[in-house]
Structure formats: structure tokens, C-alpha cells
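What follows is a single structure, written as C-alpha cells, with notes after it.
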Amino acid sequence: DAKTTQPNSMESNEEEPVHLPCNHSTISGTDYIHWYRQLPSQGPEYVIHGLTSNVNNRMASLAIAEDRKSSTLILHRATLRDAAVYYCILRGTSGTYKYIFGTGTRLKVLA
Amino acid sequence: DTEVTQTPKHLVMGMTNKKSLKCEQHMGHRAMYWYKQKAKKPPELMFVYSYEKLSINESVPSRFSPECPNSSLLNLHLHALQPEDSALYLCASSPPDAAGYSPLHFGNGTRLTVT
């Protein structure tokens, strides 16, 4: 199964950009890269996903390396409500629904 | 609020009890998932149903028994659990997209404590 590696924790100041990295060196050519976040006492929440090209939505941007072995989730202006655990996910086996979570990065936002 | 509803929110059960967790979605999704999450750990995949058929079982002990009675409902039947099974049980759903394009929609989970 394709695995992802993320830093355990990161800190950011409020209203500053945050770059959350994820390594996925064993990614297959057809695997989408998904990002989710989990606020305390809630289930994971979808943030963004992409395949090869960089992606933007109202929550964040996703930058994907040209070789697809890493990606970066970008929060353009962190707020206190963005404090959460951020997970980078790949599908484990091509053609199945096997979505495997990485270890996640706990983001702390400082006021 | 999420579009995936899980009940109950909290459950305490003894090791000899039988209980069930319930998950419901009305988004027309045909893939449904059970994940288990221990404190400060990422969710671990347990089961996946696709079109009401079990497609993935991640070698989960038989004391956990999933059931998908229709396209909107997913149950997890629990019997003879151990204290180490205490965890947050998360349900998710997605459109039937084996290509991996569609995002997962999660409920807020059932917090299970086994005494």
C-alpha cells in the first residue's frame, strides 16, 4: 500500500501562510492525493485533492511536485479555527476504495 | 453538522454485551466505510462496502461484524469486545468511484468504551 509521511506537528502565527508537507514516494501513477483535517471531537473533514496539477479551492491550495512524490497543503492565512490535525491520504491499492491515512500533522495556530 | 449521521454518539458496553453502531447517509453514495481511531492516532480502515457488498475487510477480528442492509445504512455489530477495542469509530461514504477521485464524507463518530 502506498504510504505517506508527514511531520508530527507544526506551528504558525495567526494570519500567516502555512505550508504543510507530505511525502508519498511510493505513489502510483493513478493515485489521487487527498487532504483532510480533523478538528477536536469531530470526524475528518475533506479539504482538497489533486492528481498532477496544483489545485485551489476556498479552503486551501495543493501544490504537487512534478514527480508526484511529495505535495504541500497551503493555508493562505491561518486562523485559530484552522488548528487541527491535517492528514494526507492516498488510495492504498489501485482500483479499490482503500484510503490509507498518514500519521498526520498537528497544526497549532498562535494568536 | 455532517451529512453522515452516526448513532449513538457515545456507547459504554461490557465485554459480554452485544451492541450495534449505526451510520446513515442520504447523498446517494454507494461506497461506505468503517474506520477505527485510537487517541492521538490516525483513523485505521476496517471495512469497505461497495454497492452493499463487502469489498474490503482489513483482517478485522470477528467480534466486529459489519452489515449494509441498503444503500443508505451501514451497521457495525459488536460482540464480546475487549477493553483495547475502546476507540472512536468513524463512518464515511463516497460516490462509487474506484479511481479515487471522489472525497470521503465522514460522520463525527461513535465514542466506544468497553469496560
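Protein chains in written order, with the numbering used here: chain B, 15 to 125; chain U, 717 to 831.
Don't be surprised by glycine CBs; every beta carbon is placed ideally from N, CA and C.
Which chain B residues are close to residue i, counting only those with a beta carbon under 7 angstroms from its beta carbon?
i: L820 (chain U); result: Y60, Y113
i: G823 (chain U); result: G57
i: P758 (chain U); result: Y101, F115, G116, T117, G118
i: L797 (chain U); result: By Cβ distance, chain B contributes nothing, its closest Cβ being about 21 angstroms from L797 (chain U), past 7 angstroms.
What residue range is occupied by the uninterrupted beta strand (DSSP E) comprising residue i?
i: K734 (chain U); result: 734-741
i: H793 (chain U); result: 789-795
i: H48 (chain B); result: 47-52
i: R120 (chain B); result: 119-124
i: H726 (chain U); result: 726-729
i: T86 (chain B); result: 84-89
i: G116 (chain B); result: Premise fails: G116 (chain B) is in no beta strand (DSSP E) and is neither H nor E.
i: A74 (chain B); result: No beta strand (DSSP E) holds A74 (chain B); DSSP gives it neither H nor E.
i: L94 (chain B); result: Note, L94 (chain B): premise wrong, no beta strand (DSSP E); not H, not E.
i: E25 (chain B); result: 23-27
i: E820 (chain U); result: Before going further, note that residue 820 (chain U) is Leu rather than Glu in the sequence given. Counting along the chain, L820 (chain U) falls outside any beta strand (DSSP E), and DSSP gives it neither H nor E.
i: K756 (chain U); result: Element bounds for K756 (chain U): n/a, residue is neither H nor E.
Below 8 angstroms on the Cβ atoms is my contact criterion, and I expect residue i with residue j to pass it. Report the Cβ-Cβ distance as a whole number of Å.
i: E29 (chain B); j: R91 (chain B); result: 5 angstroms
i: L104 (chain B); j: T18 (chain B); result: 6 angstroms
i: A77 (chain B); j: N71 (chain B); result: About 13 angstroms separates the two Cβ atoms, so there is no contact after all.
i: M743 (chain U); j: K752 (chain U); result: No, M743 (chain U) and K752 (chain U) are not in contact; Cβ-Cβ is about 23 angstroms, not under 8 angstroms.
i: V123 (chain B); j: A97 (chain B); result: 5 angstroms
i: V720 (chain U); j: S809 (chain U); result: 6 angstroms
i: G118 (chain B); j: Q56 (chain B); result: With a Cβ gap of about 14 angstroms, G118 (chain B) and Q56 (chain B) do not count as contacting.
Run down chain U in chain order and give the residues with a C-beta less than 7 angstroms from the C-beta of residue i.
i: R105 (chain B); result: G816
i: H63 (chain B); result: P819
i: H48 (chain B); result: P819
What residues of chain B sit near residue i, judged by a beta carbon separation below 8 angstroms?
i: A747 (chain U); result: Y111
i: S809 (chain U); result: Neighbours of S809 (chain U) on chain B: none; closest Cβ ~11 angstroms, over 8 angstroms.
i: S771 (chain U); result: T110, Y111
i: V764 (chain U); result: T110, Y111, K112
i: L794 (chain U); result: Within chain B, no residue comes near L794 (chain U); the closest Cβ sits about 19 angstroms away, beyond 8 angstroms.
i: L828 (chain U); result: Within 8 angstroms Cβ-Cβ: nothing; L828 (chain U) doesn't reach chain B, min ~14 angstroms.
Can you list the residues of chain U that residue i reaches, using a CB-CB cut of under 8 angstroms?
i: D45 (chain B); result: G816
Looking only at DSSP bridge pairs, what is residue i linked to?
i: P782 (chain U); result: U:L792
i: H64 (chain B); result: The displayed chain sequence assigns Gly, not His, to residue 64 (chain B). The partner list for G64 (chain B) (beta bridge, DSSP) reads B:I47.
i: Y751 (chain U); result: U:L761, U:L806
i: R105 (chain B); result: B:Y113
i: E719 (chain U); result: Paired residues: none, contrary to the question.
i: Y100 (chain B); result: B:R51, B:T119
i: T826 (chain U); result: U:Y805
i: T40 (chain B); result: According to DSSP, which records beta bridges pairwise, T40 (chain B) is partnered with nothing at all.
Since residue i meets chain B, which of its residues come closer than 9 angstroms, beta carbon to beta carbon?
i: L696 (chain U); result: Nothing about residue 696 (chain U) can be reported from this structure: the residues present for chain U run from 717 to 831 only.
(request) State whether the region 819-831 of chain U contacts the region 726-734 of chain U, with contact taken as three or more CB pairs (one from each stretch) at a distance under 8 angstroms. (result) Per the Cβ contact rule, the region 819-831 of chain U is in contact with the region 726-734 of chain U (3 or more Cβ pairs under 8 angstroms).
(message) Within 8 angstroms, do at least three Cβ pairs link the region 782-792 of chain U to the region 753-773 of chain U?
(response) By the criterion of at least three beta-carbon pairs nearer than 8 angstroms, the region 753-773 of chain U is in contact with the region 782-792 of chain U.
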